[in-house]
Each structure stands twice: as structure tokens, then as C-alpha cells.
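Heads up: the sequence shown at position 133 corresponds to 133 in this note's numbering, and the numbers run straight through without jumps.
Don't be surprised by glycine CBs; every beta carbon is placed ideally from N, CA and C.
Comments concern the structure below.
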Amino acid sequence: MDTKVLSSGIRYSNLPESYVRPESERPRLSEVAECENIPVIDLGCEDRSHIVHQIYLACMYYGFFQVINHGVSQEAVERMLQVAQDFFGLPVEEKLKLYSDDPSKTVRLSTSFNFNKEKVHNWRDYLRLHCYPLDKYVPEWPSNPPSFKEIVSHYCAEVRELGYRLQELISESLGLEKDYIKNVLGEQGQHMAVNYYPPCPEPELTYGLPGHTDPNALTILLQELQVAGLQVLKDGRWVAVNPHPNAFVINIGDQLQALSNGRYKSVWHRAVVNADKARMSVASFLCPYDHALISPAKPLTEDGYGAVYRDFTYAEYYSKFWSRNLDQEHCLELFENK
Ligand SMILES: O=C(O)CCC(=O)C(=O)O
């Protein structure tokens with residue numbers, strides 16, 4: 001391939017060899033179920049205990065759900081998607097100024113997942129940004145498109161509020177104090193992955209992102225309405241999470257699985273690609289403070305089985321996560337008490 005990124009304007013007629021998964025690892029798209037009953041939780045509902053109960057059911061039985069009436073303005077969402085599209089539409093030379101394979105960089109355009117570590121690549125480009133505190137990171141962000149910084153910082157602030165609200169509801173759904181999760185996670189980091197999946201000549205042979213869990217605490221995913229691609233592992237089967245109008249997809253990350261002592265699962269999910277249309281998604285990740293000590297909540301360990309996971313700091317976890325390939329074992333398994 002001639003350029004480092006896929007979003008170069010070149011339309012491939014065959015999938016390059018380095019993207020082809022071995023037969024046993026392919027997505028088997030015809031076997032994917034359409035899930036009709038993925039929880040959609042209305043955060044505008046006036047009965048808080050009803051919302052908390054719905055969150056409890058969704059986290060226990062799915063590990064993910066969608067939210068509507070979430071408080072993030074429609075305008076912020078639409079502008080975010082538009083500026084993301086404008087960014088990936090820039091000339092490749094302009095985008096390549098931000099290219100890096102180094103996961104420790106706080107702003108970078110990259111491709112696949114961990115390009116230098118993985119055996120087979122993924123049909124994705126992504127722009128990864130650190131987003132909190134905004135005044136620290138925004139100056140490093142792309143200044144092309146010119147409105148990028150203003151639009152994305154506005155979006156990040158609104159999404160962060162939603163994340164806090166969800167963490168309170170999730171704490172309550174575990175029978176913990178409303179502020180429990182926020183207190184444990186400390187001054188939370190916020191990262192964003194703007195994902196761009198170009199049309200793929202042979203979608204049956206590869207992934208946009210293979211199955212993985214998220215290493216952070218909570219993920220708030222915006223998917224564009226027109227093109228589906230997100231799939232979640234439910235009861236051993238991959239199911240499609242088709243975009244719901246005005247909704248965000250929320251998934252529990254590895255840190256909340258640990259903190260809940262394994263009651264709530266950080267769900268395996270993946271993105272598949274399609275032959276006709278490019279797809280975009282914007283994932284916002286709330287991450288514990290680097291030195292936050294992650295430990296199963298005491299009240300959740302008093303059932304005779306004790307703590308499923310040993311204590312660790314988020315910094316320790318994060319460096320383990322990025323030292324691996326994406327689709328290996330669940331990274332949290334490496335932190336289980338044996
Ligand atoms: O594009 C998607 O639907 C999934 C994105 C995702 O899982 C990620 O960015 O970690």
C-alpha cells in the first residue's frame with residue numbers, strides 16, 4: 001500500500017493481504033443476529049428509581065445499552081459528526097502531519113489498532129485525542145478544519161456531563177452511594193477516538209475493529225445513523241447494534257467490571273465494515289485518574305467469594321492493555337485473584 005492511512009481517496013478493488021484474517025477468525029457476517037431488544041433507556045424519565053432499575057438490568061444482562069434524552073444537544077452531535085467527516089475528507093498530506101503509531105501520544109492520527117504489534121491489520125483509520133482538561137489538550141488538536149477545536153471541545157464537555165450522570169446511576173444500580181464510582185476514579189481522563197471505516201472491498205475477510213473490550217471505565221459511543229457496523233457479543237453470539245435515532249451506545253469498560261467485582265461485564269464488541277459506504281463513529285472514553293486504585297467495591301465482595309480481582313492502578317492496567325494485541329484474552333483476566 002502506498003500511504004500509511006486508508007483514508008487516502010484510493011478505492012481498493014482487492015483487500016491487501018495484510019488485512020486478510022485467517023478463515024477461523026473471520027466475521028461470518030451471515031450468522032450475525034439482528035437484536036431487536038437492546039435496552040434503550042430514556043434518561044428523561046422522571047422516575048429515577050425506574051432508570052436505575054433499567055440500568056441495573058442492562059448492565060447485568062447486556063453490559064451495554066443505548067440512552068435517549070441524554071442531555072447532549074442535537075446540535076453538538078450533528079456538528080461533531082460533520083467536523084469528523086470534514087477532517088477525514090482533508091487531503092492525505094494534511095492528515096499525515098498528525099500520523100503516529102505511538103499510543104502514548106496525546107493527539108495522533110493512526111490506522112488499524114496497534115499497527116506495529118499486530119499480525120493482521122484492521123480496516124480503520126482513527127484520530128485519537130486526549131480531551132481533559134480541555135485547556136491543556138485543545139491547543140494540540142488539529143487546526144484544520146478551522147472549526148475543529150471549538151466544535152469538538154464543546155461536544156466533549158457535554159459528553160463528560162452525561163458520563164458523570166451515568167456513573168451516578170450505575171453506582172446506585174449496584175447499591176452503592178451515588179458518588180462512589182466518581183470518588184474511586186478521581187479526576188477522570190477523557191479520550192476520544194474518531195473512527196473512520198472506508199468502504200472495504202472484501203468485508204467478509206476483515207474487521208474495522210476485531211472483538212475487544214474497552215480498558216477504561218465507561219464508553220459513550222456516537223454512531224452515525226445511516227451506516228451500521230457495531231456488533232456486541234451476547235450469550236456467545238454476535239448481534240448487530242443498529243443505530244437508534246438520537247441515541248448514544250453506552251458500554252461498561254474493564255474498570256467498572258473490576259469495581260463491580262465482576263457483576264457488570266465489560267462487553268466484547270467489534271466493528272465490521274461494508275463494501276459500499278464509509279462509516280464513522282465517535283467513541284468517548286472516561287478513564288480513571290492514572291493513580292486511581294481500582295479495587296472491587298467492598299460491599300460487593302461480601303458474598304462469600306471475596307474479591308475476584310486484585311487491586312491495581314489504572315496506569316498499570318493501561319500499559320498492559322496497549323502492550324497486547326487487541327483480540328487476545330480479556331485484559332482483566334490478567335488481574336484476577338487466583
Ligand atoms: O465503531 C464502532 O462502532 C466501535 C468503536 C470502538 O469499539 C472503539 O473505538 O473502541
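So is Arg108 in contact with chain B if we call contact Cβ pairs under 8 angstroms? Protein chain content of the structure displayed is limited to a single chain, and chain B is not contained in it.
What did DSSP end up calling Trp238 once you bin it into helix, strand or coil? strand
Test item: CB-CB of Phe88 and Val232 under 8 angstroms: no
For the beta strand (DSSP E) containing Leu127, list its first residue and its last residue. Counted as a single uninterrupted DSSP element, the beta strand (DSSP E) harbouring Leu127 occupies residues 125-130.
With Tyr196 as the anchor, note down where its beta strand (DSSP E) starts and where it stops. 189-197
If you run the structure through DSSP and keep just helix, strand and coil, what is Thr301? Looking at Thr301 - three-state DSSP - the assignment turns out to be helix.
Quick check: is any heavy atom of ligand 1 less than 7 angstroms from the C-beta of Ser266? no
Helix, strand or coil for Glu336, going by three-state DSSP, please let me know. strand
Relative to ligand 1, what is the chain-ordered list of residues with a Cβ closer than 5 angstroms to any of its non-hydrogen atoms? After applying the 5 angstroms Cβ criterion, the set is Ala193, Asn195, Leu230, Ala271, Ser281, Ala283.
Cβ distance (whole Å) where Val5 is taken to contact Leu96 below 8 angstroms: 7 angstroms
Option nearest Glu187 by Cα separation, candidates Thr313, Cys287, Glu316: When each option's Cα is compared against that of Glu187, the closest is Cys287.
Going by DSSP, name the residue or residues bridged to Asn251. Phe64, Thr219
Taking the alpha carbon of Asn69 as the reference point, which residue from Tyr56, Glu46, Leu81, Arg79 has its own alpha carbon closest? Glu46
Do Ser153 and Leu222 come within 8 angstroms of each other at the CB atom, strictly closer than that value? No; because the gap between Cβ atoms is not below 8 angstroms, this pair is not in contact.
Compute the Euclidean distance between the alpha carbons of Pro91 and Ser8, then round it to the nearest angstrom. 7 angstroms
What residue from Ala240, Gly189, Arg165, Asn114 has the CA that sits closest to Glu292's CA? Glu is not the amino acid found at residue 292; the sequence shown has Ala there. Answer by Cα proximity: Gly189.
Whole-angstrom Cβ separation of Val249 and Leu230, contact assumed at under 8 angstroms? The beta carbons of Val249 and Leu230 sit about 7 angstroms from each other, so the pair counts as a contact at 8 angstroms.
Look at the alpha carbon of Ala76 and the alpha carbon of Gly306, and state the distance between them as a whole number of angstroms. About 44 angstroms.
Under a three-way DSSP split, which group does Phe87 fall into? Residue state for Phe87 is assigned as helix, using DSSP reduced to three classes.
Those residues which DSSP pairs with Thr111 across a bridge: Asp125
Quick check on DSSP: helix, strand or coil for Ala258? In the three-state DSSP reduction, Ala258 falls in the helix class (H, G or I).
What number of angstroms, rounded off, separates the C-alpha of Leu29 from the C-alpha of Trp141? 36 angstroms
Looking at Arg263: is its Cβ nearer than 8 angstroms to the Cβ of Leu174? yes
Could you give the distance in angstroms between the alpha-carbon of Asp86 and the alpha-carbon of Pro145? 7 angstroms
Beta-carbon separation of Arg160 and Arg128 under 8 angstroms? Taking 8 angstroms as the Cβ cut-off, Arg160 and Arg128 do not qualify as a contacting pair.
For Ile41, report the span of its beta strand (DSSP E) as first-last. 40-42
Using the rule of at least 16 other Cβ atoms within 10 Å of the residue's Cβ for burial, across every protein chain shown, is Ala275 buried or exposed? Ala275 is exposed by the Cβ-count criterion.
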